[in-house]
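A.B. asks: Please see the structure below; I have some questions.
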Amino acid sequence: MDLAELENITTRLQGLIGFVEDCLTQIDTRVAAVQSSWSGQAADAHATAHRDWLAGAQDMRDGLERMRAAAVTARDNYTSA
1 MDLAELENIT
11 TRLQGLIGFV
21 EDCLTQIDTR
31 VAAVQSSWSG
41 QAADAHATAH
51 RDWLAGAQDM
61 RDGLERMRAA
71 AVTARDNYTS
81 A
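Position one of the sequence shown corresponds to residue 1 (the working numbering), numbered consecutively onward.
If you want it as structure tokens, here you go:
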């Protein structure tokens, strides 16, 4: 097992998670600004679609976090073996 590569993967996943979180925050802020001045059926449909999309994006972020946690566990287990 290449522990340095496992550490590299852990670090890169953490960076990707941070990037995804920042992007989601920025997108949500922009959508909220648009939604604040928009009404009607199209606005309602967009709000629903955005919530669904955001839930999917959060699932992806959560999956990345599980992968990072698994890499940390593997690194720790190999280090202590």
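Glycine included, each C-beta is placed from N, C-alpha and C at the ideal position.
Just the C-alpha distance for Glu-7 and Arg-68, rounded to the nearest angstrom, thanks.
C.D. replies: For Glu-7 and Arg-68, the distance between alpha carbons rounds to 10 Å.
A.B. asks: Glu-5 to Arg-66, Cα distance in whole Å?
C.D. replies: So the alpha carbons of these two residues sit roughly 18 Å apart.
A.B. asks: Express the C-alpha separation of Thr-25 and Asp-44 in angstroms, rounding to a whole number.
C.D. replies: So the alpha carbons of these two residues sit roughly 20 Å apart.
A.B. asks: Measure the Cβ-Cβ separation of Ala-57 and Thr-10 and say whether it is below 8 Å.
C.D. replies: No; because the gap between Cβ atoms is not below 8 Å, this pair is not in contact.
A.B. asks: Considering only their Cβ atoms, is the gap separating Leu-64 from Leu-16 smaller than 8 Å?
C.D. replies: Their beta carbons are under 8 Å apart, which means Leu-16 touches Leu-64 by this criterion.
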